[in-house]
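For the sequence shown, position 190 (counting from the first letter as 1) is numbered 316 according to the working numbering, and the numbering increases by one without interruption.
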Amino acid sequence: TTQLDRLSFNSHAGTQPGALLPVRLFSIQKRDSVSPLPTWPLHLASNNQFGVALVSSVITPRLRASERGPSAPRAMDAALLVTVLVPAVAALLVLGSGAASASPPRAFFVFGDSLVDNGNNNYLMTTARADAPPYGIDFPTHLPTGRFSNGLNIPDIISEHLGSQPALPYLSPDLRGDQLLVGANFASAGVGILNDTGIQFVNIIGIGQQLHNFQDYQQRLAAFVGDDAARQVVSNALVLITLGGNDFVNNYYLVPFSFRSRQFAIQDYVPYLISEYRKILTVNCLSSPFKFQLLTHHQT
Numbered sequence: 127t128t129q130l131d132r133l134s135f136n137s138h139a140g141t142q143p144g145a146l147l148p149v150r151l152f153s154i155q156k157r158d159s160v161s162p163l164p165t166w167p168l169h170l171a172s173n174n175q176f177g178v179a180l181v182s183s184v185i186t187p188r189l190r191a192s193e194r195g196p197s198a199p200r201a202m203d204a205a206l207l208v209t210v211l212v213p214a215v216a217a218l219l220v221l222g223s224g225a226a227s228a229s230p231p232r233a234f235f236v237f238g239d240s241l242v243d244n245g246n247n248n249y250l251m252t253t254a255r256a257d258a259p260p261y262g263i264d265f266p267t268h269l270p271t272g273r274f275s276n277g278l279n280i281p282d283i284i285s286e287h288l289g290s291q292p293a294l295p296y297l298s299p300d301l302r303g304d305q306l307l308v309g310a311n312f313a314s315a316g317v318g319i320l321n322d323t324g325i326q327f328v329n330i331i332g333i334g335q336q337l338h339n340f341q342d343y344q345q346r347l348a349a350f351v352g353d354d355a356a357r358q359v360v361s362n363a364l365v366l367i368t369l370g371g372n373d374f375v376n377n378y379y380l381v382p383f384s385f386r387s388r389q390f391a392i393q394d395y396v397p398y399l400i401s402e403y404r405k406i407l408t409v410n411c412l413s414s415p416f417k418f419q420l421l422t423h424h425q426t
C-alpha cells in the first residue's frame with residue numbers, strides 16, 4: 127500500500143479573502159519515499175460580495191526524466207500526485223475566514239468522484255459501488271454507506287468544521303425540506319473530467335450531469351424557501367470539486383492500449399485534461415445564475 131507521509135502549508139499570508147497561501151505538495155511514491163513538488167500559491171476564493179469559495183483539484187502525474195522525450199514509454203515511476211488533501215486543507219482555511227460561529231452554518235456542495243461520493247451510486251445500477259463491507263467498518267454505524275472509505279471522508283470532515291451535518295447525496299429521497307439548506311452532494315464514483323472516463327462502470331453521473339443536477343437542486347430549494355433566500359443560501363455556500371484521478375487510473379493506465387493512451391503521450395495528456403477541466407468550470411460558472419469565484423493556482 128502507499129501512504130502520504132507529509133503535507134505542509136504556510137499560512138503566514140493570513141486567511142483573509144483572496145490571500146495567497148503557499149502550499150507544498152508531496153507525491154505518493156510506490157517505493158515508500160516522498161519527494162517534494164513545487165510550491166503552489168493557492169488563491170483562496172472567498173469573495174466578500176458573494177461569499178463563495180470553490181475548491182478544485184486535478185491529479186497530475188510526475189514523469190521520469192526518460193519519459194519527457196518524444197519516445198517516452200507509457201509507464202510512470204511515481205504514483206499520481208494526490209491533491210485531494212489540498213482542497214480539504216484549503217477549504218478549512220477558507221472556513222476560518224468566514225463569519226462568526228453564531229451565524230448558521232453555510233451550505234456545502236460537493237461534486238466529483240469516489241473520493242467525495244457520499245452514496246449517490248447506491249441509487250444507480252452501476253458496478254462502482256461501496257455498499258458492502260469492508261466499506262464503513264470505522265463509520266459511526268459500522269455499516270457501509272456508499273462512501274468509498276472505511277469511515278468519514280473529506281466532505282464529512284469539512285462538514286464537521288462547518289458545524290453542520292454532512293450534505294446528503296443528491297439522489298437520496300431524504301434530501302427535502304430543511305435538509306436542502308445543508309447543501310447537497312452530487313458526486314458519483316468513477317467519473318472524471320472526460321465524458322468517456324468511467325464508461326466501464328455502466329451507469330454513473332458525469333460531471334456535466336452533476337452540474338445539471340445542481341441546477342435542479344436550486345429550483346427545489348427556491349420552491350422551498352423562495353428565490354431570494356435560495357440565492358442567499360447558494361451564494362454563501364462552500365463548493366468542493368474533486369476530479370482527475372479516474373482520467374488516469376481508469377481511462378489511461380488500467381485498460382491496456384486504451385484509446386486515450388494511444389491518442390496522447392502522458393506529457394500531452396495532462397495539459398489536455400487541464401484544458402478540458404477549465405472548460406467545465408468556465409462554461410458552468412458563467413452560465414450559473416450565481417457568481418462563483420474560482421480557486422486558482424499558479425506554479426512558481
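C-beta atoms are modelled at their ideal positions from N, C-alpha and C, and glycine is treated no differently.
Source: prediction; values computed, not measured.
According to the DSSP assignment, isoleucine 330 belongs to no beta strand (DSSP E), since it is labelled neither H nor E. Within the model, the alpha-carbon separation for asparagine 246 versus glutamine 393 is close to 33 Å. In terms of Cβ geometry, valine 317 and isoleucine 331 form a close pair [threshold 8 Å].
The continuous stretches of beta strand (DSSP E) do not include leucine 320, and DSSP gives it neither H nor E. A straight-line Cα-Cα distance of about 24 Å links aspartate 342 and threonine 323. Between alanine 356 and valine 236, the C-beta gap is not smaller than 8 Å, which leaves the two residues out of contact. Residue nearest to aspartate 239 within the set Met251, Leu347, Asp373 and Gly303 is Asp373 (criterion: CA-CA distance). Rounded to the nearest angstrom, the gap between the Cα atoms of proline 266 and asparagine 276 is 10 Å. Taken in chain order, the whole alpha helix (DSSP H) runs of length 4 or more contained in the segment 229-300 are 280-288. With a cutoff of 8 Å on beta-carbon distance, leucine 369 and isoleucine 319 are scored as near each other.
Between the alpha carbons of aspartate 257 and aspartate 243 lies a distance of about 12 Å. In the DSSP assignment, asparagine 311 is bridged to Val236 and Pro295. Across the set Phe274, Phe327 and Leu294, the C-alpha of Phe327 shows the shortest separation from the C-alpha of methionine 251. With respect to the C-alpha of isoleucine 406, the residue from Tyr261, Asp304 and Gln336 having the closest C-alpha is Gln336. Counting of Cβ neighbours within 10 angstroms places asparagine 377 among the buried residues, the total reaching 16 or more. Put simply, of Gly262, Leu288 and Asn321 the residue whose alpha carbon is nearest the alpha carbon of serine 229 is Leu288. Contact annotation: serine 290 and phenylalanine 234 have beta-carbon atoms nearer than 8 Å. One thing to note: phenylalanine 390 has its Cβ within 8 Å of the Cβ of tyrosine 398. A residue is called buried once 16 or more other Cβ atoms fall within 10 Å of its Cβ, and arginine 404, having fewer, is exposed. Our two residues, phenylalanine 340 and serine 387, have alpha carbons roughly 32 Å apart in a direct line.
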